[in-house]
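K.L.:
The sequence shown begins at 142 in the working numbering and counts up by one.
Positions of the beta carbon are idealized from the N, C-alpha and C atoms, including for glycine.
Starting off with a structure, shown below.
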Amino acid sequence: MLKIEKFSAGRRVQTIRVPAFALSVAGVLLPRAVQTALAARGIPLAAINEARRAGRSYRATFAVREHGVEKQIVVSTD
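Below you can see the structure in the form of structure tokens.
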């Protein structure tokens with residue numbers, strides 16, 4: 142399971158969970174340009190899928206600006 146959490150001012154404001162099989166499918170179906178754009182935003186599908194297959198956890202944190210407000214995004218595997 143991939144979990145994407147959005148934090149604003151240190152408080153979690155949204156959580157999205159994506160099943161592991163969807164990551165595998167996305168890695169095959171999404172065009173390379175989309176996968177590259179996701180990786181640039183901190184969601185490298187290939188690296189996440191590789192970690193999942195190897196039984197390792199994955200975690201990345203990055204900042205985004207949404208409507209002028211700085212927010213933190215945490216992407217992790219359960």
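Strictly by DSSP, which residues pair up with Gln155?
P.N.:
Indexing the sequence shown from 1 puts residue 155 at position 14. DSSP lists Lys147 as partners of Gln155.
K.L.:
Is it true that the CB of Ala204 sits closer than 8 Å to the CB of Gln213?
P.N.:
Here the question's residue 213 lines up with position 72 in the sequence shown. Here the question's residue 204 lines up with position 63 in the sequence shown. Against a cut-off of 8 Å, the Cβ pair of Ala204 and Gln213 comes out as a contact.
K.L.:
Let's test the definition: count the other Cβ atoms within 10 Å of the Cβ of Ile189 and tell me whether it reaches 16, buried, or not, exposed.
P.N.:
Along the sequence shown, read from residue 1 onward, the residue named residue 189 stands at position 48. Ile189 should be labelled buried.
K.L.:
Where do the N-terminal and C-terminal ends of the beta strand (DSSP E) with Ile184 fall, by residue?
P.N.:
The sequence position of residue 184 within the sequence shown is 43, counting from 1. That residue, Ile184, is in no beta strand (DSSP E); it is neither H nor E in DSSP.
K.L.:
Are the beta-carbon atoms of Val216 and Ser149 separated by less than 8 Å?
P.N.:
Residue numbering aside, residue 216 sits at position 75 when the sequence shown is read from its first letter. Residue numbering aside, residue 149 sits at position 8 when the sequence shown is read from its first letter. In this structure, Ser149 does not lie closer than 8 Å to Val216 by Cβ.
K.L.:
In this structure, what does DSSP give as the bridge partners for Thr202?
P.N.:
Numbered from 1 along the sequence shown, position 61 holds the residue referred to as residue 202. Thr202 is bridged to Val215.
K.L.:
Would you report the Cα separation of Arg123 and Thr218, rounded to the nearest angstrom?
P.N.:
Nothing in the structure corresponds to residue 123, since the chain is present only between 142 and 219.
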